[in-house]
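Shown next as structure tokens:
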């Protein structure tokens with residue numbers, strides 16, 4: 009690469025070889041070190057998108073077998089955030105608006121081609137900043153998840169019998185959410201909510217949490233305050249997921265027989281429905297100080313007998329084969 013040249017991996021959508029040569033000559037004269045592929049059909053563009061990573065797409069507006077609007081649709085299909093500039097002859101204002109709405113970054117008329125070069129620099133810089141922001145966001149998300157997991161472990165450390173309960177519920181809820189086809193942001197929320205759903209237990213005396221035997225009526229009443237206490241801890245956080253609601257309502261049931269509010273039916277969010285079943289399943293399959301772990305058969309009997317009554321049918325149908333696999337206690 010020549011010194012001070014701007015590297016540019018270009019996907020060029022153009023049916024005229026002569027126009028392509030002129031465009032590339034202009035790019036190189038204006039400081040770009042170009043590697044490129046020229047395509048003029050949808051099939052060729054699909055192959056090009058699968059085979060290489062591109063810094064920029066430049067497209068003619070209309071080709072005999074293809075056009076810029078369809079090319080923009082393809083980029084969306086492949087979920088690619090690549091700058092897209094249309095270089096064409098005269099196009100009307102309505103067409104230009106349609107292109108911008110479809111995702112084009114800019115359009116340049118061929119008789120005003122000098123506008124193209126600063127537009128490319130601008131879009132390459134914008135794309136670079138977007139990538140940097142995405143990396144920063146991902147790093148921040150990883151750090152946040154690590155922090156939540158640390159908080160969850162700190163809560164669990166106060167109860168040696170359920171020290172890993174939150175993590176296993178979180179993993180199970182995440183897996184169930186994915187099998188249900190829920191959006192990824194909801195799946196992430198299930199994982200975070202699973203890690204934090206018992207955070208209210210931090211205010212329950214350790215002597216009660218780890219008591220080796222049946223709890224008294226008064227002790228059970230105190231334990232049953234943990235959803236409200238968890239909600240109070242989480243309600244003012246600016247989390248993008250309903251973690252506070254999940255902490256408050258994970259012991260609610262479809263028929264209103266749960267606690268603390270006795271809400272039921274459609275008033276229970278999908279996150280609460282998933283988390284509620286996962287919490288029951290993991291708890292039943294795990295040892296508690298006041299009882300041994302339940303068998304898979306006992307656990308299945310519980311959720312199947314409550315299917316559509318106290319437990320969400322869709323969640324039960326997904327979690328049953330997961331219980332039968334025998335892998336849940338190993339999560």
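In this note's numbering, the protein residues as written are 9 to 339.
We put the beta carbon where it would ideally sit given N, CA and C, even for glycine.
Remark: fewer than three beta-carbon pairs, one from each stretch, lie closer than 8 Å, so the region 32–47 and the region 105–120 are not flagged as touching. Residue state for residue 115 is assigned as strand, using DSSP reduced to three classes.
Residue state for residue 321 is assigned as helix, using DSSP reduced to three classes. Residue 238 is positioned such that its CB atom lies no closer than 8 Å to that of residue 259. In this structure, DSSP gives residue 43 an extended state, which the three-state scheme calls strand. Per the Cβ contact rule, the region 177–189 is not in contact with the region 211–229 (fewer than 3 Cβ pairs under 8 Å). If you look at residue 88, you'll find it isn't in any alpha helix (DSSP H); DSSP assigns it neither H nor E. Scanning the region 14–79 from its first residue to its last, the whole alpha helix (DSSP H) runs of 4-plus residues come out as 25–37, 50–59.
Residue pairing by DSSP puts residue 296 in a beta bridge opposite 299. When DSSP states are grouped into helix, strand and coil, residue 326 belongs to the helix group. For residue 241, the enclosing alpha helix (DSSP H) stretches over residues 234–242. DSSP places residue 200 in the helix class (H, G or I) of the three-state scheme. Here the alpha carbon of residue 72 sits roughly 40 Å from the alpha carbon of residue 143. A residue is called buried when at least 16 other Cβ atoms come within 10 angstroms of its Cβ; residue 178 meets this threshold and is buried. The three-state secondary structure of residue 96, taken from DSSP, is strand.
As computed with DSSP, residue 161 is found in no beta bridge at all.
Nearest to residue 165 by C-alpha distance, out of 189, 135, 138, 209, is 209. For residue 315, the beta-bridge partners assigned by DSSP are 319.
If you ignore the 5 residues before and after residue 263, its C-beta comes within less than 7 Å of the C-beta of 272, 317, 318, all in its own chain and listed in chain order. The straight-line gap separating the alpha-carbon atoms of residue 327 and residue 192 is approximately 19 Å.
Shown here, residue 220 sits in coil according to DSSP, grouped into three states, outside any helix or strand.
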